[in-house]
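At position 220 of the sequence shown the residue is numbered 1041 (the numbering used here), and the sequence of numbers has no breaks. The beta-carbon is built from N, C-alpha and C at its ideal position, and this holds for glycine as well.
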Amino acid sequence: MTTGVISQIPFVDLAAQHAPIAAELEAIFRASITKTDFILGKSVSQFEEAFATYCDAPYAIGIDNGTAALEMLLRAYDIGPGDEVITVANTFIATVLAISSVGATPVLVDIDPVSYNMDPAKLEAAITERTRGIVAVHLYGQPADMDPILEIGRKHNLLVMEDAAQAHGAYYKGKRCGALGDGAAFSFYPAKNLGACGDGGALVVPTAELAERIKMLRNYGQREKYHHVTLGFNHRLDTLQAGILSVKLRHLDGWNAARAHHAHHYNRLLADMPGIVAPTEMDYAQAVWHLYVVRVADRDGLRAYLQEQHIGTGIHYPIPCHLQEAYTYLGYPRGSFPVTEAYADQIVSLPMYAEMTDDMVEYVVEHVHRFISQ
Ligand SMILES: *Cc1c(COP(=O)(O)O)cnc(C)c1O
């Protein structure tokens, strides 16, 4: 598909995603204004059923964002002060914020240098008698290596949860992310693989008891109106967003397939280029390529060069969680997680979205090549 002369490539392009489904989205907006069922309307339970089915999981619960979803999962398991929860140093800050929000202590481990995800070999050394659970993150849309993580979790009687905020539709050994452990948090932040027109999130959980508990927690702790049986919160998914997400969910597999097509195209074009490390799709993974992340020595130089060519890029993430000012209290000095720290200075995310064309991918690679060989 050629669309004429390329003059710019944004990092993401949600307008291009919305254009072909604009009429459907507008119908959702219009209906919400006349129905006025803004809070926990029928579209919420309809989306929850559709999303659970999509994840091959028994229950999904709509939450108002991904950070709150992970926090509600930890609260549903009564994780709090005095408890430790292990996650990975290379993640978006929200994973760690959810753990500290409930009063638990985040304990971090380094990543595997090939997958960029939690290194299961580092896990056991991080377990103490206070550890209650592990949050595995499927970063950039590639599943973490769940089997060894689950095995270690089971051996030490720990909960194994998933942060699937970047992995809607990804498969680990043929099983959908979100249905691999003791509950999974998803984000529908607009730029995620499945994104709302605003904030949104969901939990996918394995048991009816857990689903019921989370439904109470998100809705003031009430079992029925004005009967508050537990200390609750207000973390409901909007009816309007649920309606929009139901429309978009029907396109998700198609969009993910397009992302995979572009990622494999990038990988082929970059394979023999010296000075750049392309991502590796692990044998156990069918990734959904939320981000396409490469490594180069002069990362900042490459970004500036691509910027001049009107090619958008990002860094995910420039400062590892343990080196953020907010988490100095955790007491991890620089050098604690060498792979995460080294990669933070080399990673750059290239444009990646379903509506890209082959020409656009080739245009990006051509300019990357020009920078590297100059
Ligand atoms: C986006 C994201 C979150 C947080 O989701 P929000 O909806 O923005 O609160 C959590 N974890 C990861 C890995 C994410 O990418």
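For N1055, the CB stays at least 6 Å from every heavy atom of ligand 1. Minimum Cα-Cα distance from L960 among the listed residues Q1167, D1059, A991 and R1120 corresponds to A991. Rounded to whole angstroms, the gap between the alpha carbons of V923 and Q1195 is 50 Å. Here D885 carries a coil assignment [DSSP, helix/strand/coil]. Judged by beta-carbon spacing, V1025 lies beyond the 7 Å limit of A890, meaning their Cβ atoms are not closer than that value. Here the C-alpha atom of V1117 lies approximately 14 Å from the C-alpha atom of P934. Taking 7 Å as the cut-off, the beta carbon of G1004 is found closer than this to the beta carbon of M982. The Cβ-Cβ distance between Q987 and G1019 does not fall below 7 Å.
Contact holds between the stretch 1151 to 1168 and the stretch 925 to 942, because three or more Cβ pairs, one in each stretch, are under 8 Å apart. According to DSSP, residue pairing for V956 in a beta bridge involves M982.
If you check the C-beta of A986 against ligand 1, you find a heavy atom less than 6 Å away. Under the DSSP assignment, F832 falls outside any beta strand (DSSP E); it carries neither an H nor an E label.
In the three-state reduction of the DSSP assignment, P927 falls in the strand class. Close CB contacts of T888 within its chain, under the 7 Å cut and outside five residues either way in sequence, are with A915, L918 and A919 (chain order). At a threshold of 6 Å, Y1010 counts as near ligand 1, since its beta carbon sits closer than that to one of the ligand's heavy atoms. Taken through DSSP and simplified to helix, strand or coil, F913 comes out as coil. In this structure, V958 has its CB closer than 6 Å to one or more heavy atoms of ligand 1.
Where G1022 is concerned, the enclosing beta strand (DSSP E) starts and stops at G1022 to V1026.
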